[in-house]
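2 protein chains.
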Amino acid sequence: MNKNATPHKSPLYLCAPVNALVEGVYEERIPYSKIKEHGDFGLGTFDNLDGEMVMLDGNIFQITSDGRVHQRDETSETPFACVTFYHPATHDELKKKSSYEEFTTWLESLLPSPNIFYAIRIEGTYSYIRVRSVPKQDSYKPLVEVAKEQPVFEFTNIKGTLAGFYTPAFMSSLNVPGLHLHFLSSDFQSGGHLLECRSENVRAGVQFINSLELSLPMSLDYLTLDFQRDIEDDLDKAEK
Amino acid sequence: MNKNATPHKSPLYLCAPVNALVEGVYEERIPYSKIKEHGDFGLGTFDNLDGEMVMLDGNIFQITSDGRVHQRDETSETPFACVTFYHPATHDELKKKSSYEEFTTWLESLLPSPNIFYAIRIEGTYSYIRVRSVPKQDSYKPLVEVAKEQPVFEFTNIKGTLAGFYTPAFMSSLNVPGLHLHFLSSDFQSGGHLLECRSENVRAGVQFINSLELSLPMSLDYLTLDFQRDIEDDLDKAEK
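Structure (structure tokens):
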């Protein structure tokens, strides 16, 4: 690890464990004003699972299931968000046309250990990108069921930002394990949860994070949830 | 949950995930001066797995594998400790002679949800108690192997303090799941990791904790560890 790669003191912050979301706890009414006390960068969703969230430089963007992008203010509420104050330690470029496998292999090569967190922000152009959003839920059903009906959007020759995190596999009950990235186009017209891409010319900033702050909800829904079920399969299906 | 049972703002603090300890990372040289920034109450061990640690009112006690108790200062170092600032929300008494099953059933009845953390401090007398310590390790072997050779100590009609935590099952990679208690006798002559007891007359203080702070070690041992193995069986054997 080079000396510039010292972890910044800002922890990775989770306002809830992701397994609660996977089990269908879609409403916690945590205002983004609270989330922003813990970071200016990250991803998540909104209450009632109303779309994908990406936070860049403290700005909160919502990609709803119709594919549209909305800037939201701090009064918006969420059941799940993962944020940090973004201070990248390293920057690297991938200038050649790359398949999704080449792109993710390159990204993972920037992460020296699988046992800590990383915040990752990638700016660049994509010859192809496929993203999804999630439809707002009126009643509760498990995330894996919702994901079966998720709207998927494809774009070609698009410029934008991918923002997200790498989480060690052994913390899969708390946060989506491995790479988890949300996309926002440079023209703020489209975005979503990344499913696949082919990159043209990208630059990735990576922040090494070796601490976690996790809040556990105190709602009746959360406190009475039965977590005995192994959610790893569901999480995998819901996120990929 | 009654209104006195509001979670205190002090989080549960872990200086490392317990799975690193289970895999044999017994030396992280984290001084107790750092641990005490995060709590005055808790449990853990010492570098090279040199015995069991119990912290009461900011005092650090070590129970070595010869069964002796030593008070240690803040320069002592550890690979694993779990602490909080202890502010109990509730107090309850169990005044009748109770088997271990009755005792743990009573304790669990004081915890209204299995999905948050609790700090638990129990003062009282025991007609019987069985504890263990762990022997200092010169070389690295998995905790489950070390635990096979653990010295076990039994006491009758003994007064003392049990201190520890309840952790939700879905965080078993981070902290020992369920109830995890260390014992220190009132005369400071004996103690260890609780294996079994029969209680006579005990009073339990319980603190509700709904936030976690976790530090990830930046040692080469930790960063290069292969966590692919499922350690749940090992943890169960090593702790029971």
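Protein chains in written order, with this note's numbering: chain F, 1484 to 1723; chain P, 1484 to 1723.
The beta carbon of each residue, even a glycine, is placed where N, CA and C say it ideally should be.
These figures come from a predicted structure and were not determined experimentally.
key: 7 Å Cβ cut-off: residues of chain P touching F/S1656   = F1653, M1654
Cβ neighbour criterion (16 or more within 10 Å) applied to F/N1640 = exposed
request  = Helix, strand or coil for P/L1699, going by three-state DSSP, please let me know.
outcome  = coil
ask   = For the beta strand (DSSP E) that F/L1664 lies in, which residues bound it at each end?
value = 1661 to 1668
ask   = Nearest CA to the CA of P/F1691: which residue from P/V1537, P/Y1609, P/H1570, P/P1700?
value = P/H1570
request  = Using beta-carbon positions only, say whether F/A1646 and F/R1604 come within less than 8 Å of one another.
outcome  = yes
query = Under 7 Å from any heavy atom of the ligand GTP, does the C-beta of F/P1562 make it?
reply = Among the ligands in the structure shown, none appear at all, so the ligand GTP cannot be discussed.
key: Stretch pair the segment 1665 to 1683 of chain F + the segment 1609 to 1621 of chain F: three plus CB contacts closer than 8 Å   = yes
query = Which class does P/D1549 belong to by DSSP, given the choice of helix, strand or coil?
reply = coil
ask   = Who pairs with P/R1512 in a beta bridge, going by DSSP?
value = Partner(s): none; P/R1512 has no beta bridge.
request  = Give, in chain order, every residue of the segment 1696 to 1715 of chain P whose Cβ lies closer than 8 Å to some Cβ of chain F.
outcome  = E1696, L1697, S1698, L1699, P1700, M1701, Y1705, L1706, T1707, L1708, F1710, Q1711
task = Answer yes or no: does any C-beta atom of chain C fall closer than 8 Å to that of F/I1599?
result = Of the chains in the structure shown, none is chain C; the protein chains are F and P.
Rounded separation between F/G1643 and F/S1669 - CA only = 4 Å
message = Using C-beta distances below 7 Å, list every residue in its chain close to F/N1598, excluding the 5 sequence neighbours before and after it, in chain order.
response = P1651
ask   = DSSP three-state call for F/L1497: helix, strand or coil?
value = strand
message = For a contact defined as C-beta to C-beta under 7 Å, what are the partners of P/N1693 on chain F?
response = S1698, L1699, M1701
ask   = With P/F1600 and P/Y1649 assumed to form a contact (beta carbons below 8 Å), what rounded beta-carbon distance in angstroms separates them?
value = 7 Å
request  = Assuming P/L1708 and P/A1503 form a contact by the criterion Cβ under 8 Å, report the distance between their Cβ atoms to the nearest whole angstrom.
outcome  = 6 Å
task = Taking only the alpha-carbon atoms, compute the straight-line gap between F/D1540 and F/Y1611 and give it to the nearest angstrom.
result = 25 Å
query = Taking Cβ-Cβ distances shorter than 7 Å, what residues in chain F pair up with P/N1502?
reply = F1653
inquiry  = Just to confirm the assignment, what range does the beta strand (DSSP E) spanning P/K1642 have?
reply    = 1635 to 1650
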